[in-house]
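Contents: one structure, followed by commentary.
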Amino acid sequence: MAVASVLCDEERRKVSDLISLSARIIDEGLADELTNRATQELSEVAPGVAVVESFGHCVAFRTDRGLVVFDTSNPAAGRRVVQALRGWSTEPVHTIVYTHGHLDHVGGSIAFVEDAHERGFPRPTFVANAAIRERFARYRLTDGWNRAINRRQFRSRRNVGMVGDQASPRMHFLPDDVSPPDIVFDQTLAMSVGNLAFELHHARGETDDHLWAWVPERRAVVCGDFLIWNFPNAGNPQKVQRYPGEWATALRQMAALEPELLLPAHGLPIGGRERIARVLGDVASALEQLVDEVVAMMNAGEPLDSILHSVAVPDEVLQKPYLRPMYDEPEFVIRNIWRLYGGWWDGNPARLKPPADGELATEVADLAGGAATLAERAQDAARRGRLRLACQLVEWARQASSEDPEIQRVAAAIYEARVSGETSLMARAIFSAAKEPSGSAPTT
Ligand SMILES: [Zn+2]
Numbered sequence: 017m018a019v020a021s022v023l024c025d026e027e028r029r030k031v032s033d034l035i036s037l038s039a040r041i042i043d044e045g046l047a048d049e050l051t052n053r054a055t056q057e058l059s060e061v062a063p064g065v066a067v068v069e070s071f072g073h074c075v076a077f078r079t080d081r082g083l084v085v086f087d088t089s090n091p092a093a094g095r096r097v098v099q100a101l102r103g104w105s106t107e108p109v110h111t112i113v114y115t116h117g118h119l120d121h122v123g124g125s126i127a128f129v130e131d132a133h134e135r136g137f138p139r140p141t142f143v144a145n146a147a148i149r150e151r152f153a154r155y156r157l158t159d160g161w162n163r164a165i166n167r168r169q170f171r172s173r174r175n176v177g178m179v180g181d182q183a184s185p186r187m188h189f190l191p192d193d194v195s196p197p198d199i200v201f202d203q204t205l206a207m208s209v210g211n212l213a214f215e216l217h218h219a220r221g222e223t224d225d226h227l228w229a230w231v232p233e234r235r236a237v238v239c240g241d242f243l244i245w246n247f248p249n250a251g252n253p254q255k256v257q258r259y260p261g262e263w264a265t266a267l268r269q270m271a272a273l274e275p276e277l278l279l280p281a282h283g284l285p286i287g288g289r290e291r292i293a294r295v296l297g298d299v300a301s302a303l304e305q306l307v308d309e310v311v312a313m314m315n316a317g318e319p320l321d322s323i324l325h326s327v328a329v330p331d332e333v334l335q336k337p338y339l340r341p342m343y344d345e346p347e348f349v350i351r352n353i354w355r356l357y358g359g360w361w362d363g364n365p366a367r368l369k370p371p372a373d374g375e376l377a378t379e380v381a382d383l384a385g386g387a388a389t390l391a392e393r394a395q396d397a398a399r400r401g402r403l404r405l406a407c408q409l410v411e412w413a414r415q416a417s418s419e420d421p422e423i424q425r426v427a428a429a430i431y432e433a434r435v436s437g438e439t440s441l442m443a444r445a446i447f448s449a450a451k452e453p454s455g456s457a458p459t460t
């Protein structure tokens, strides 16, 4: 996640407003600029339209009956987001729309409820897609699992107020004080608040409960996580199913409205019809390419292994400042497409009902002449840059001989090298956890 800034300080001051900054980054292809910032600061990006940059952002519209707000950021940032908003407007918050039920979008809701209470305003009305209710129920059902994977996923994240370090380990993954929705809808909801109309559209993409909004008077699209200024989070190895094809369709529908202002929940807002069309089209095309190629190979009867090692997104696409694989990455999206249209079995008969990991590792170690020999071969492979192979060999070695400190040391060194060779936060975090002796176990 190296950030070698191209803009000097003076230039950055000149482009301090977010729309100019994003225009410059997109038009000049400045792939190393920091776009996902959690400054907790508010910018008015169009008359009566504000963005508080957080993790994730809060987007607010002024109406003559109070504010309409999209998303509340995470539990740790909610109060600061409200504070930033209050520096811009002291009007009541009339409605809060959740773009989806991820914690960095709903977790700050209590701060908005408390703010209304302190100011003697009515409690805001919360609006969401109907599927958010099942999501919240699932979070309660799988509380321990979700806390464990978030701790692992966000261990190496820097520069953002994160859901992973929100509070004590006793706190629930979905805090008890997150406001449930008051109004839910299935496909579309036309909503007017005072003088401003909002068209809410449900679409599946990063989640099954996602929505995006069209605000015709402002020619603005609020797109939630359909754009995150990173390669789409459509493959996350530790989370439930995502929907790359439907994600692309939603981006095409947004583009067809020819918006002049695009307001994502992560990264920079974007202005200008052509620029927005280009960004939406590029992200949609990247996803469509993956879906098309994976499905074509599935239809031809290819196993997952062949697909994983032959389908790729071209480098020049991944170098675009809004498609960098710094969070999720194409390889994980390929697996999700396989899971969506196929099943969990990868096509290798040995892995339909495989031996226990330990049994296989012991057998391989015996064949090799001992776990130490396997670890040496792993080091050789790593030295030759074959890190995928090195990790497999060293995993066998430590599963066959888990108490051996030398093998643990070799494993830690190999995973250290692996972390440095990866770009996505998801891969880096999992390999980083694997440096520890218990790293390959399902909970850390
Ligand atoms: Zn998000």
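Terminal number for the sequence shown in my numbering: 460, no gaps in between. From the three backbone atoms N, C-alpha and C, an ideal C-beta is built for every residue, glycine too.
{"Asked": "Whole-number beta carbon distance between V231 and F77, since they are thought to touch under 8 Å", "Found": "7 Å"}
{"Asked": "Near ligand 1: D120 beta-carbon under 8 Å from a heavy atom", "Found": "yes"}
{"Asked": "Neighbour-count burial assignment, R444, 16 or more Cβ in a 10 Å radius", "Found": "buried"}
{"Asked": "Span separating the alpha-carbon of M207 from that of L279", "Found": "18 Å"}
{"Asked": "With 16 other Cβ atoms within 10 Å as the buried cut-off, status of T111", "Found": "buried"}
{"Asked": "Near ligand 1: G124 beta-carbon under 8 Å from a heavy atom", "Found": "no"}
{"Asked": "Residues near S105 by beta carbon distance below 7 Å, same chain, minus five either side", "Found": "R78 and L83"}
{"Asked": "C-alpha gap between N175 and A54, whole angstroms", "Found": "Reliability fails at N175, whose pLDDT of 31 lies under 50, so the model's placement of it is uncertain and no value is given."}
{"Asked": "The segment 377-384 touching the segment 404-414, judged by at least three CB pairs closer than 8 Å", "Found": "yes"}
{"Asked": "Cutoff 8 Å; reference A132; Cβ partners in own chain excluding five residues on either side", "Found": "P108, V109, P138, R139 and P140"}
{"Asked": "S105 - DSSP class collapsed to helix/strand/coil", "Found": "coil"}
{"Asked": "Cutoff 6 Å; reference P453; Cβ partners in own chain excluding five residues on either side", "Found": "Q424"}
{"Asked": "Which of helix, strand or coil DSSP assigns to L339", "Found": "coil"}
{"Asked": "Cβ neighbour criterion (16 or more within 10 Å) applied to G180", "Found": "Confidence is the limiting factor: at G180 the pLDDT is only 36, short of 50, which leaves the residue's position unreliable, though a coordinate-based value still follows. So G180 counts as buried."}
{"Asked": "N- and C-terminal bounds of the beta strand (DSSP E) containing T158", "Found": "No beta strand (DSSP E) holds T158; DSSP gives it neither H nor E."}
{"Asked": "Backbone secondary structure at M207 - three-state DSSP", "Found": "strand"}
{"Asked": "Where D43 sits in the DSSP three-state scheme", "Found": "helix"}
{"Asked": "Sequence-distant residues of the same chain with beta carbon closer than 8 Å to L409, five excluded per side", "Found": "L390, A391, R393, A394 and A397"}
{"Asked": "Cβ-based burial, S436 [other Cβ within 10 Å; buried from 16]", "Found": "exposed"}
{"Asked": "Segment contact flag, the segment 246-264 with the segment 57-64, C-beta cutoff 8 Å, min 3 pairs", "Found": "no"}
{"Asked": "Integer-rounded CB distance, given that G64 should sit under 8 Å from T88", "Found": "At roughly 20 Å, the Cβ-Cβ gap does not stay under 8 Å, so T88 and G64 are not in contact."}
{"Asked": "Sub-9 Å separation of V307 and P260 beta-carbons", "Found": "yes"}
{"Asked": "DSSP three-state assignment for S59, whether helix, strand or coil", "Found": "strand"}
{"Asked": "Distance cut-off 8 Å: A206 Cβ against heavy atoms of ligand 1", "Found": "no"}
{"Asked": "I35 (DSSP reduced to helix, strand or coil)", "Found": "helix"}
{"Asked": "Euclidean distance between Cα positions of N461 and H226", "Found": "This structure does not reach residue 461, given that the chain is present from 17 up to 460, and the question cannot be answered."}
{"Asked": "Exposure of S440, with buried meaning 16 or more beta-carbon neighbours within 10 Å", "Found": "buried"}
{"Asked": "Cβ separation of L46 and P337, assumed to be a contact under 8 Å, to the nearest whole Å", "Found": "6 Å"}
{"Asked": "Closer than 8 Å: A281 CB and nearest ligand 1 heavy atom", "Found": "yes"}
{"Asked": "Any non-hydrogen atom of ligand 1 closer than 8 Å to R292 Cβ", "Found": "The sequence given here places Ile at residue 292; Arg does not occur at that position. The answer is no for I292."}
{"Asked": "Chain-order list of residues whose beta-carbon lies under 7 Å from that of A433 (same chain, five-residue window excluded)", "Found": "A398 and L403"}
{"Asked": "Counted within 10 angstroms of its Cβ, other Cβ atoms place S125 as buried (16 or more) or exposed", "Found": "buried"}
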